[in-house]
Every structure is written in structure tokens, then in C-alpha cells.
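I have placed the structure first, in the form of C-alpha cells, so that the comments after it can refer back to it.
Residue numbers (my numbering): 375 to 819.
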């Protein structure tokens with residue numbers, strides 16, 4: 375079986391590599407020629423655990439190739455996945471420009487029956503627009519005298535991804551479910567054959583109509599974002615009333631109707647999915663004359679939560695932080711990724727800088743990505759201990775594994791002050807206090 379995946383970001387590259395790992399011949403297509411050359415040389419454009427290994431292995435085996443030309447492979451493949459970005463517009467709606475550009479390109483170059491599958495996260499109704507864009511190009515070809523185009527047929531499908539950055543390869547290879555929206559039995563058969571290798575131990579393939587598949591992706595992310603904002607709101611109240619949010623979290627999470635996942639208080643959600651997907655779903659509701667008031671509140675709580683750690687610093691050190699030095703552990707929006715999009719850590723850093731502080735930062739993999747955002751406004755450190763040197767306080771903003779069990783004696787010896795702001799509640803407050811540190815977490819009364 376041969377397929378093409380257009381787009382080599384998190385979704386496209388991981389999907390293409392994992393399909394190839396199962397023996398499917400995959401052509402990954404991207405208009406960025408420099409990126410394609412890097413991939414051919416075995417250089418990864420993103421940090422994702424396990425990805426480089428399977429890309430290099432399958433490229434060497436000839437199952438995974440990279441090209442800038444969809445026309446080059448369109449005559450060979452049965453399925454074309456659209457896996458390009460859908461960034462938010464200023465009004466919160468999803469920008470479908472890249473998706474529809476690929477759809478038009480498919481219409482211009484296809485030479486055999488195809489299934490066009492939207493894997494990008496897109497609003498409900500996008501597959502109809504994809505179908506229309508492909509059709510318009512085929513009609514234009516016929517009008518221009520291309521007789522072969524008159525007999526070409528295609529179908530559309532929706533196959534939203536549920537990959538977690540930092541665990542994307544594992545998620546794809548061992549999915550908890552695969553959702554596919556189809557409009558024909560033929561498309562269902564092809565998609566079932568494509569995903570069968572991933573279903574050997576348990577059948578987790580869910581077929582729906584196309585619009586329901588598109589909605590499932592947004593609804594899933596909105597639900598997870600809601601749980602995060604709910605727990606953060608409860609954490610803030612815990613501080614005011616003298617309760618311990620860690621105990622509260624365990625107490626409510628033990629209820630099987632609720633469960634423990636996504637109930638960890640912190641600095642709010644970030645990354646490439648939750649922020650834009652919540653905004654896009656709110657916008658979709660507005661377009662249809664409905665208001666998602668709950669999700670509006672989720673978004674507002676999240677925006678406020680990213681400023682909580684900075685507010686704690688000001689309460690301890692005052693609003694004027696000139697002459698103060700702060701070390702920040704973590705820049706990525708979550709561990710095991712170099713993605714800094716919508717990262718709470720950057721909000722914290724910017725708050726400190728605005729108050730006049732000197733900021734020293736360290737992240738295991740996101741330093742280069744952060745340079746593009748922060749420039750020369752901060753000091754980039756070679757290690758977590760380097761970031762502690764001379765600091766009045768340390769701020770934990772991303773819970774990387776290497777930050778979990780520091781040598782606190784070494785940390786304290788390097789610091790000028792001994793204050794810890796734990797934005798992810800990963801440290802034992804009593805342990806730190808016995809070692810002479812002042813400790814501030816999230817939601818701890």
C-alpha cells in the first residue's frame with residue numbers, strides 16, 4: 375500500500391514515519407525544500423522522543439521518502455493525508471489556508487482515484503470545503519481540455535490525530551483509539567486496511583460520519599482543557615481557604631466517575647493544540663449562533679493562571695525587581711518537547727523582565743527555540759545548577775524529569791537567596807523547608 379502525507383510537522387512526520395514502520399510505502403511532502411533536505415540527511419526538524427530512529431531506519435529501507443512535489447507521487451498513491459498547520463486567526467477561528475491549498479494541489483495533480491484524508495485539526499464542515507476545492511480544480515482541468523481529469527474520482531475522509539507531544543510515536547504505534555469519519559464503504563475499507571497493523575491486540579478503530587469525526591477532536595481537547603482550568607481554579611481557591619490542592623486532587627480523582635488524569639494544578643495549558651482548539655470551537659459556536667460560555671471561562675482561567683507564579687514572586691519580593699536575579703527551570707510548554715508555543719514559562723519570564731529582574735534560564739531541549747522568542751533579554755545557562763548560581767529565587771516552570779530530584783544542598787550553595795517557586799507542585803515542601811528554603815507551590819494553603 376502506498377500513501378502520501380502532506381506536511382512534515384508533528385502530525386505529518388510522526389504519522390508518515392509510523393505508517394512506514396508498519397511496512398506501508400510513504401511519501402512525505404512539504405513545500406519547505408530546506409526541511410526536506412534535512413530530513414533526507416536524517417536531521418529532525420522537531421524534538422520528539424523515538425522519532426529520529428524510525429525516520430532514519432525507514433528512509434534507509436526505502437519505505438519513507440521525502441519530496442517537495444506532490445505531483446511526483448500522486449500517480450502512485452491510494453491515499454493522501456493532509457497534515458498541515460491550522461493556526462488561529464485573530465478572531466480565534468482556524469486558518470484553513472494551508473489545508474485548502476493542499477486540496478487544490480491534489481485536484482491539479484491527481485491522476486488516479488484517491489481518498490483525501492484530513493488529518494489536520496479542522497472545524498466541522500472543513501471536509502466539505504476540501505471536497506469543493508479538489509472538485510473545482512478537476513473541473514478547471516476538464517475545461518482546459520484535460521480529458522483524463524473528467525473520469526477521475528475521489529473521496530474525502532476525516533482522521534483526526536490524538537498524539538501527545540513528547541509521546542507522539544508511542545501514541546501512534548499503540549493508540550487508545552483511532553477515529554475515522556467516512557462517507558462511503560470503499561473509504562472505510564481502505565482506512566481499515568491502513569490501520570489494521572496497529573490493531574493486532576485490540577480493535578480500537580471507531581468509524582463515524584465525517585462531521586462527527588471533526589467534532590470529536592475539538593471536543594476531546596476542549597474537555598481536557600476544561601479539566602485543567604477547573605483544577606487550577608480550585609487550586610487558587612484552596613490557597614485562599616487554607617486547603618491543600620494535592621489532597622483535594624487525590625480525593626476527587628479517586629472517584630471512578632472523575633478519575634485522576636488532567637487534574638494536576640499548575641501554570642495552565644499551552645502548546646499547539648489546546649489553546650487554538652478551544653478558541654476555534656468557541657468561534658465555531660459563534661458562527662452557528664451559539665455561545666460556549668463554559669469554554670470561554672476555561673480560556674479566561676487559563677490566561678490568568680499563566681500569571682500566577684509571577685504574582686507570587688511580586689508578593690514575596692515586591693513589584694520592583696531591579697537588582698534581583700531569578701533562575702527559571704523549563705521553557706517548553708511541557709516536558710519531552712522543544713515546543714514553546716503558548717508556554718506558561720515564557721509568560722513568567724516576561725513578567726520578571728518587565729519588573730526589571732535579571733533572568734537566567736535553562737531547559738534540556740527548548741533553549742534554541744526560546745532564543746527566537748526571548749533573544750538576548752535573558753541569560754541562557756548550560757545546566758539547571760548554572761541557572762541557580764547567584765539567584766535570589768528559582769522558579770520551576772516545566773516538570774522535566776531531570777528537575778525532579780535536584781541536589782538541594784548544591785542548589786542552595788549556589789543561590790544568593792533560598793526561595794523556590796514550584797509551578798508544577800513536584801517538590802516536597804517539608805523537605806525543602808527543613809533544608810532552609812522558602813517554598814511556594816500552587817494551591818497550597
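Just so you know, even glycine gets a beta-carbon here, dropped at the ideal spot from N, CA and C. Owing to the predicted nature of the structure, the values given are computational and were not obtained by experimental measurement.
Opening and closing residue of the beta strand (DSSP E) in which residue i lies
i           : result
residue 736 : 732-736
residue 501 : Careful: residue 501 lies outside any beta strand (DSSP E), inside the alpha helix (DSSP H) at 500-517.
residue 531 : 528-532
residue 488 : 488-492
residue 650 : From DSSP, residue 650 is part of no beta strand (DSSP E) but of the alpha helix (DSSP H) over 648-661.
residue 796 : 793-796
residue 572 : Counting along the chain, residue 572 falls outside any beta strand (DSSP E), and DSSP gives it neither H nor E.
residue 703 : 699-703
Buried or exposed (CB count within 10 angstroms, at least 16 for buried), residue i
i           : result
residue 433 : buried
residue 639 : buried
residue 796 : buried
residue 667 : exposed
residue 664 : exposed
residue 555 : buried
residue 573 : exposed
residue 775 : exposed
residue 510 : exposed
residue 804 : exposed
residue 614 : exposed
residue 621 : exposed
residue 410 : buried
Sequence-distant residues of the same chain with beta carbon closer than 6 Å to residue i, five excluded per side
i           : result
residue 390 : 379, 400, 402
residue 381 : 457, 458
residue 729 : 695
residue 414 : 440
residue 530 : 490, 501, 504, 505
residue 451 : 376, 377, 378
residue 477 : 504, 507, 508
residue 752 : 733, 735
residue 811 : 792, 794
Pick from the options that is closest to residue i, judged by C-alpha positions
i           : options            : result
residue 646 : 699, 480, 462, 762 : 462
residue 407 : 421, 425, 443, 395 : 443
residue 497 : 688, 474, 518      : 474
residue 525 : 536, 537, 512      : 512
residue 754 : 702, 802, 789      : 702
residue 660 : 409, 465, 424      : 465
residue 589 : 623, 563, 535      : 535
residue 499 : 393, 584, 744      : 584
residue 454 : 420, 565, 516, 745 : 565
residue 766 : 697, 747, 758      : 697
residue 550 : 812, 575, 710      : 575
residue 718 : 693, 746, 683, 742 : 683
residue 749 : 724, 760, 762      : 724
residue 740 : 416, 437, 715      : 715
residue 422 : 643, 597, 790, 710 : 710
residue 712 : 394, 393, 396, 418 : 418
residue 591 : 662, 563, 492      : 492
Same chain only: Cβ atoms within 7 Å of residue i, ignoring 5 sequence neighbours per side
i           : result
residue 721 : 680, 681
residue 672 : 599, 600, 603, 652
Host alpha helix (DSSP H) of residue i (start-end)
i           : result
residue 602 : 584-615
residue 445 : From DSSP, residue 445 is part of no alpha helix (DSSP H); its letter is neither H nor E.
residue 767 : Element bounds for residue 767: not the alpha helix (DSSP H) but the beta strand (DSSP E), 767-770.
residue 429 : 425-435
residue 564 : 559-569
residue 401 : Segment 399-403 is the beta strand (DSSP E) holding residue 401; no alpha helix (DSSP H) there.
residue 480 : 471-483
residue 393 : 384-395
residue 759 : 758-762
residue 626 : 619-627
residue 747 : 741-748
Inter-residue spacing [alpha-carbon to alpha-carbon] between residue i and residue j
i           : j           : result
residue 611 : residue 818 : 9 Å
residue 546 : residue 809 : 44 Å
residue 507 : residue 398 : 28 Å
residue 385 : residue 779 : 33 Å
residue 341 : residue 484 : Examination of residue 341 is not possible in this model, given that the chain is present from 375 through 819 alone.
residue 521 : residue 560 : 25 Å
residue 658 : residue 467 : 7 Å
residue 594 : residue 632 : 15 Å
residue 700 : residue 469 : 38 Å
residue 480 : residue 527 : 12 Å
residue 650 : residue 787 : 42 Å
residue 635 : residue 487 : 43 Å
residue 571 : residue 533 : 16 Å
residue 759 : residue 552 : 43 Å
residue 676 : residue 693 : 23 Å
Other residues of its chain near residue i: CB distance less than 8 Å, five sequence neighbours each side excluded
i           : result
residue 798 : 638, 640, 641, 770, 771, 772, 773, 816
residue 814 : 686, 690, 793, 794, 795, 796
residue 405 : 442
residue 538 : 545
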